Amino acid sequence: MLMTTRQGMKRWLAAMALSALSAAALAQAAKPHVVVLATGGTIAGAGASAANSATYAAAKVPVEKLLAGLPELGNVAQVTGEQVFQIASESFTNEHLLTLARRVSALSKQADVDGIVITHGTDTLEETAYFLNLVVHTAKPIVVVGSMRPGTALSADGTLNLYDAVSVAASKDAGGKGVLVTMNDEIQSGRDVSKTINIKTEAFKSQWGPLGMVVEGRNYWFRAPVKRHTNASEFNIDDIKTLPAVDIVYGYGNMNTTGIDAYGKAGVKALIHAGTGNGSVAAQAVPALQGLRAQGVQIIRSARVPDGFVLRNAEQPDDKYDWVVAHDLRPQKARILAMVALTKTSDSKELQRIFWEY
Ligand code: DGL
345 MLMTTRQGMK RWLAAMALSA LSAAALAQAA KPHVVVLATG GTIAGAGASA ANSATYAAAK
405 VPVEKLLAGL PELGNVAQVT GEQVFQIASE SFTNEHLLTL ARRVSALSKQ ADVDGIVITH
465 GTDTLEETAY FLNLVVHTAK PIVVVGSMRP GTALSADGTL NLYDAVSVAA SKDAGGKGVL
525 VTMNDEIQSG RDVSKTINIK TEAFKSQWGP LGMVVEGRNY WFRAPVKRHT NASEFNIDDI
585 KTLPAVDIVY GYGNMNTTGI DAYGKAGVKA LIHAGTGNGS VAAQAVPALQ GLRAQGVQII
645 RSARVPDGFV LRNAEQPDDK YDWVVAHDLR PQKARILAMV ALTKTSDSKE LQRIFWEY
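Quick note, the sequence shown lines up with residues 345 to 702 if you use my numbering.
Below, the structure written as structure tokens:
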């Protein structure tokens, strides 16, 4: 049967449309596959009005909605999402850390996964990023991201932060640099970065500076990490079943030993002392810490002063007391490393080596 010109034209157009579609589908399938693991936080938050940039409920928006609200992600990667938790990050526990790290590790081993993004509350984002940096063995990009304002707020920062995170996670040049954090156009080291301001979008800083910047989907690198991480780490989430109890006491004028004694009674395996100045310890607190050390508790001197690093044997005779210094790690980061290190050793000299190297 002869086709009319009109029928032929329709067939031709349909064929063209199909081939265009398949070309587009092929092009999309050729893009890196990034998995977004959602845990909650402000980036999934919602406020009552657009004026609420600081008053809102965290951990409300599911990952599907986060991704659907950002169709531009499809320009940089094939993105799939998983809702691992839906919590405010101040409520993270060691179990949350272990569960998340196991999922990241499993996904990183999959040949069809090119990069992983974790959306996370900003309050403890720095702790999770450092933990993953220490225990996940992969050279693929792992990027942790949050936001300081909920998506419902004026000038919300979450969409661009998420777009940047997926873009970095889809980039080959982001691999092998340890766990990264993208916030406010910057690419930070998961080891070095901390939340330093509680209500500004430029909250995340490192005293050693960012590793680089990401602008319009392109990465600009200016330095690389020197501390051990991911594939170069002696620690592996596959070998860690639980994390030991490690807590933090804060130093201040009129210091007493109530907290130190209580943690000792509670059976901590290590105590981080967030001292004044260069990790100073009040004279009235030294005997209590020495007592804990004698019971086998590791004493790790960090500082409440955010920058610089604690000098061994300066403010306290660490060699004599058999104490450890946390180097440049802030107390909350020192706690993460101490927990991980104690899964492998209870030798204080080994601990000090680990604090120098990680
Ligand atoms: N509740 C805080 C948290 O989930 C909100 C802060 C944020 O995510 O920016 O970490």
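Just so it is clear, CB atoms sit at the ideal spot from N, CA and C, and this is done for glycine as well.
Just so we're clear, the structure is a prediction, and the values are computed from it rather than from any experiment.
message: For L681, tell me which candidate among A473, S550 and G391 has the shortest Cα-Cα distance.
response: The residue you call residue 681 lines up with position 337 of the sequence shown. With distances taken between Cα atoms, L681 lies closest to A473.
message: My output table needs one value for V461: the three-state DSSP class, helix, strand or coil.
response: Within the sequence shown, residue 461 is the residue found at index 117, counting from 1. Correct three-state label for V461: strand.
Beta-carbon separation (whole angstroms), K539 vs D467, contact threshold 8 Å: Indexing the sequence shown from 1 puts residue 539 at position 195. Indexing the sequence shown from 1 puts residue 467 at position 123. The Cβ separation is near 7 Å, so the contact holds.
message: Could you compute how far the alpha carbon of A685 sits from the alpha carbon of S533?
response: Taking the first residue of the sequence shown as 1, we reach residue 685 at position 341. Taking the first residue of the sequence shown as 1, we reach residue 533 at position 189. For A685 and S533, the distance between alpha carbons rounds to 20 Å.
- request: Tell me whether D666 sits in a helix, a strand or coil according to DSSP, three-state version.
  value: Position 322 of the sequence shown, counting from 1, holds the residue named residue 666. Reduced to three states, the DSSP call for D666 is coil.
- prompt: Does the stretch 382 to 400 come close enough to the stretch 490 to 503 that 3 or more CB-CB pairs lie under 8 Å?
  reply: yes
beta-carbon E546 near the ligand DGL non-hydrogen atom, thresh 7 Å: For this step, residue 546 is matched to residue 202 along the sequence shown. The answer is no for E546.
query: Would you call L357 buried or exposed, if buried means 16 or more other Cβ atoms sit within 10 Å of its Cβ?
result: Numbered from its first residue, the sequence shown carries residue 357 at position 13. Answer is exposed; the Cβ neighbour count stays below 16.
task: Report yes if the CB atom of V669 is closer than 8 Å to the CB atom of V654, and no otherwise.
output: Working through the sequence shown from its first residue, we reach residue 669 at position 325. Working through the sequence shown from its first residue, we reach residue 654 at position 310. The answer is yes: Cβ separation under 8 Å.
Whole runs of the beta strand (DSSP E) within the stretch 447 to 529, excluding any shorter than 3 residues: 459 to 463, 486 to 489 and 524 to 527
Segment contact, 8 Å Cβ cut-off, at least three pairs: the stretch 414 to 434 with the stretch 375 to 393: yes
- request: Compute the beta-carbon to beta-carbon distance between P588 and L524, rounded to the nearest angstrom, for a pair I have assumed lies under 8 Å.
  value: Here residue 588 corresponds to residue number 244 of the sequence shown, with the count starting at 1. Here residue 524 corresponds to residue number 180 of the sequence shown, with the count starting at 1. Actually they are not in contact, since the Cβ atoms of P588 and L524 sit about 27 Å apart, beyond 8 Å.
- prompt: Should M353 be labelled buried (16 or more other beta-carbon atoms within 10 Å of its own) or exposed?
  reply: Position 9 of the sequence shown, counted from the first residue, corresponds to residue 353. The residue in question, M353, is exposed, as its Cβ has fewer than 16 Cβ neighbours within 10 Å.
- request: Provide the residue(s) that pair with E426 in DSSP beta bridges, ordered along the chain.
  value: As a position in the sequence shown, residue 426 is number 82, starting the count at 1. Answer is L381, bridged to E426.
message: Going by beta-carbon coordinates alone, are K544 and M492 separated by less than 8 Å?
response: By 1-based counting over the sequence shown, the position of residue 544 is 200. By 1-based counting over the sequence shown, the position of residue 492 is 148. Going by C-beta atoms, K544 is nearer than 8 Å to M492.
Under the three-state DSSP convention, the category N438 falls into: In the sequence shown, residue 438 corresponds to position 94, counting from 1. Helix.
query: A610 CB to nearest chain C CB: under 8 Å?
result: Among the protein chains of the structure shown there is no chain C, as only one such chain exists.
Local Cβ density within 10 Å of I600, reported as buried at 16 or more and exposed below that: As a first step, residue 600 is located in the sequence shown; it is residue number 256 there, counting from the start. Residue 600 is actually Asn in this sequence, not Ile. The residue is exposed, with fewer than 16 neighbouring Cβ atoms inside 10 Å.
query: Just to confirm, does A402 get its C-beta within under 7 Å of one of the non-hydrogen atoms of the ligand DGL?
result: Numbered from its first residue, the sequence shown carries residue 402 at position 58. Yes, the Cβ of A402 comes within 7 Å of a heavy atom of the ligand DGL.
- prompt: Which residue comes first and which comes last in the alpha helix (DSSP H) that contains Q634?
  reply: By 1-based counting over the sequence shown, the position of residue 634 is 290. Here the alpha helix (DSSP H) through Q634 covers V630 to A638.
- prompt: What number of angstroms, rounded off, separates the C-alpha of S577 from the C-alpha of G597?
  reply: The sequence position of residue 577 within the sequence shown is 233, counting from 1. The sequence position of residue 597 within the sequence shown is 253, counting from 1. Distance between the alpha carbons of S577 and G597: 38 Å.
message: For the beta strand (DSSP E) containing R645, name the first residue and the last one.
response: For this step, residue 645 is matched to residue 301 along the sequence shown. First-last of the beta strand (DSSP E) with R645: Q642 to A647.
- request: Determine the extent of the beta strand (DSSP E) in which M557 is found, giving its start and end residues.
  value: For the purposes of this step, residue 557 is identified with residue 213 of the sequence shown, where counting begins at 1. Counting along the chain, the beta strand (DSSP E) containing M557 begins and ends at G556 to V559.
message: Is G391 close to the ligand DGL? I mean its beta-carbon at under 7 Å from any heavy atom of the ligand.
response: Residue 391 sits at position 47 when you count from the first residue of the sequence shown. Checking the Cβ of G391 against the ligand DGL gives no.
Inter-stretch contact at 8 Å, needing at least 3 Cβ pairs: the stretch 637 to 646 / the stretch 612 to 627: yes
- prompt: Which value, in whole angstroms, describes the spacing of the CA atoms of L633 and L444?
  reply: Against the sequence shown, residue 633 aligns to sequence position 289. Against the sequence shown, residue 444 aligns to sequence position 100. Approximately 33 Å, taken between the alpha carbons.
query: Would the beta-carbon of A432 be found less than 7 Å away from any heavy atom of the ligand FAD?
result: Of the ligands this structure carries, namely the ligand DGL, none is the ligand FAD.
message: Using CA atoms only, rank isn't needed, just tell me which of L555, D536 and T689 is closest to G640.
response: What you label residue 640 is simply residue 296 of the sequence shown in a count that begins at 1. When each option's Cα is compared against that of G640, the closest is T689.
- prompt: Where DSSP assigns a beta bridge to L615, which residues make up the other side?
  reply: Locating residue 615 in the sequence shown gives position 271, counting from the first residue. Answer is D591 and I643, bridged to L615.
message: Classify D605: buried if its beta carbon has 16 or more other beta carbons within 10 angstroms, exposed otherwise.
response: Here residue 605 refers to the residue found at position 261 of the sequence shown. So D605 ends up on the exposed side.
query: For K516, is the classification buried or exposed, using 16 other Cβ atoms within 10 angstroms of its Cβ as the cut-off for buried?
result: Along the sequence shown, one-based indexing puts residue 516 at 172. Exposed is the call here.
- prompt: Starting from W700 and walking both ways along the alpha helix (DSSP H), at which residues does that stretch end?
  reply: Counting from one through the sequence shown, the residue named residue 700 turns up at place 356. Element bounds for W700: S692 to E701.
query: For the alpha helix (DSSP H) that Y607 lies in, which residues bound it at each end?
result: Along the sequence shown, read from residue 1 onward, the residue named residue 607 stands at position 263. That run of the alpha helix (DSSP H) goes T602 to A610.
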